[in-house]
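Visitor: After the structure tokens below, expect a handful of questions from me.
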Amino acid sequence: MADRQKYEFDIAVSFAGENRRYVSDVVEAIKGEMTVFYDEDYQVEAWGEDGIEYFSKVYLDRARYVVLFVSQYYANKMWTKVERRSALSRAATQRSAYNLPIRLDDTQLDGLLPTVIYLDARRLGIE
């Protein structure tokens, strides 16, 4: 499914505001190589929209992959929960990997099985 369909974004990033500085650096490093949904770049597009509907569509339909930046902050935020639920829903119906988690700390994330392979930002850095 993912290989045949055209997506507006190669990736959509999902993160807590407390991790924005790190995520912003990652997004800047990959923007020339990939199309990225990063919330600050789409403020005008989202202006006046219902946030739950808008973000659900982004994380369910508009991106080829979702990169989840998992942290203690991410696990407890309302908006990251909306994004995560949409991404998990898509992953349930897609045969290939869709959710690409990056660990910022040791937080276990509800909805992602412990067998899902993470990248660890503490060891890998931005590169």
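Per this note's numbering, the very first residue in the sequence shown carries number 2; after that it's consecutive.
Virtual Cβ for every residue (Gly too), placed ideally from N, Cα, C.
#1: Run through the DSSP bridge pairs and tell me what Ser15 is partnered with.
#2: Smallest Cα separation from Leu105: which of Arg124, Gln95, Val117, Tyr39?
#3: In chain order, what residues of the same chain lie with their CB nearer than 7 Å to the CB of Leu61, ignoring the 5 residues before and after it?
#4: Between the Cα of Ser97 and those of Val67, Ser72, Val14, Tyr75, spot the shortest distance and give me the residue it belongs to.
#5: Which of the three DSSP states is assigned to Leu61 in this structure?
#6: Would you check if there are 3 or more beta carbon pairs closer than 8 Å linking the stretch 44-60 to the stretch 69-79?
Guide: Quick answer:
#1: According to DSSP, residue pairing for Ser15 in a beta bridge involves Leu69.
#2: The candidate whose alpha carbon is nearest that of Leu105 is Arg124.
#3: Counting only Cβ-Cβ distances below 7 Å, and skipping sequence neighbours, we find Ser87, Ser90, Arg91.
#4: Taking the Cα of Ser97 as reference, the smallest distance to any Cα among Val67, Ser72, Val14, Tyr75 is reached at Val67.
#5: Three-state DSSP puts Leu61 in a helix.
#6: Output reads no: the stretch 69-79 does not touch the stretch 44-60.
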